[in-house]
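All remarks here apply to the structure that follows.
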Amino acid sequence: MTNGAASVAGPTSRRRILVIEDEPDLARGLRDALEFEQFEVSTAGQGREGIARLREAGTDLVILDLMLPDINGFSVCEQIRQSHPVVPIIMLTARSQETDKIRGLEAGADDYVTKPFSVGELVARINAIFRRLHRSTATDEAIRIGQVTVYPRRHELVRNRKTLPLSFYEVEILRLLHERKGEPVAREEIMEKIWGLTGYGSSRSVDNFVVKLRKKIEENASSPRHIVTIYGTGYKLLL
Ligand code: CA
């Protein structure tokens, strides 16, 4: 499995992944596995170091451990999001509690993998993200939803002349709902199409992204008119 010619930046330019992980064996294992997959990898053993490294070099994706010695992963994630609203972040969590996953997504992570995980699973997740990014840059039609205009490739929306950033998965969920506008789309289908894996995680993750999207899109997020809940099923987009 290689990124190869599918790379947006071209076949000669390798994707750069930053691994923020304090366990040396795991960091080394990840570096070896990802380099084998033709990614360019840098590592940081602490949160602050990771944030600093992200500022200095172009990074295409971040793998972030939740438990770090200096500052916790949630806080690192929030700080990264302030300076890099778009870069995909996959959080590594040692716990399987739902609350951690939801907190991670709220802090701005796009995806999470629970330790122990197989490197193959993580690489599949990474490649799925890059395939989607490639597709995202291939089509960049603005999407008009009510008073809001969404620019998928720029990962932005404009509302009342104010520009707001959209995270990677927020864009992907909007794109999927828009492809099927006016029809109910099941949570499970969103999980499968966006995350590329079935039976993974909880469909509550979808709800979490929808909550964030509504805050950006709806005039009144508690009484949504565009991203409508279909009870027992999922969501429907009304333009
Ligand atoms: Ca750790």
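Note that the numbering used here has the sequence shown beginning at 0, numbered continuously upward. Where a beta carbon is used, it is the ideal one built from N, C-alpha and C, also for glycine. Small disclaimer: the values here were computed from a predicted structure and weren't measured.
Item                                                                                                                                                          : Value
What did DSSP end up calling Gly181 once you bin it into helix, strand or coil?                                                                               : coil
May I ask you to report which of helix, strand or coil DSSP gives Arg213?                                                                                     : helix
Could you say which of Ile144, Ile128, Glu218, Gly181 lies nearest to Gly233 if we only look at CA atoms?                                                     : Gly181
Can you give the Cα-Cα distance for His177 and Ser166, rounded to whole angstroms?                                                                            : 16 Å
Among Asp99, Phe208, Thr148, whose alpha-carbon lies nearest the alpha-carbon of Glu171?                                                                      : Phe208
Where does Val227 land, buried or exposed, given buried means 16+ other C-beta within 10 angstroms?                                                           : exposed
Just tell me which of Gly119, Asp59, Arg52 has its CA closest to the CA of Leu29.                                                                             : Gly119
Would you mind sorting Arg131 into buried or exposed? The rule is 16 or more other CB atoms within 10 Å of its CB.                                            : buried
Going by other Cβ atoms of all chains shown within 10 Å of its Cβ, with 16 needed for buried, is Asp249 buried or exposed?                                    : Past the edges of the chain, shown from 0 to 238, lies residue 249, and the structure says nothing about it.
Going by beta-carbon coordinates alone, are Ile88 and Gly107 separated by less than 9 Å?                                                                      : yes
Going by beta carbon distance, what residues of the same chain come within less than 6 Å of Ala185, once the five residues before and after it are set aside? : Thr232, Gly233
Would the stretch 149-164 count as touching the stretch 46-65 if we require 3 or more Cβ pairs under 8 Å?                                                     : no
Any heavy atom of ligand 1 within a distance shorter than 8 Å of the CB on Glu22?                                                                             : yes
Using the beta-carbon count (16 or more within 10 Å), is Leu237 buried or exposed?                                                                            : exposed
Would Ile229 be called buried (16 or more neighbouring beta carbons within 10 Å of its own) or exposed?                                                       : exposed
Given a threshold of 16 other Cβ atoms within 10 Å of its Cβ, counted over all protein chains shown, does Gly151 qualify as buried or as exposed?             : For the sequence presented, residue 151 should be read as Pro rather than Gly. Buried: at least 16 other Cβ atoms inside 10 Å.
Please determine whether the Cβ atom of Asp64 lies at a distance below 8 Å from any heavy atom of ligand 1.                                                   : yes
Nearest-angstrom Cα distance between Glu169 and Glu22?                                                                                                        : 31 Å
How would you label Glu20, buried or exposed, when you count the other beta carbons within 10 angstroms and need 16 or more for buried?                       : buried
Please report the distance separating the alpha-carbon of Asp206 from that of Lys114.                                                                         : 23 Å
I need the boundaries of the alpha helix (DSSP H) containing Ala240, first residue and last residue.                                                          : Residue 240 lies beyond the range of the chain shown here (0 to 238); nothing can be said about it.
Tell me the DSSP secondary structure of Lys161 in three-state form.                                                                                           : strand
Short check: CB of Gly72 to CB of Gly44, under 9 Å?                                                                                                           : no
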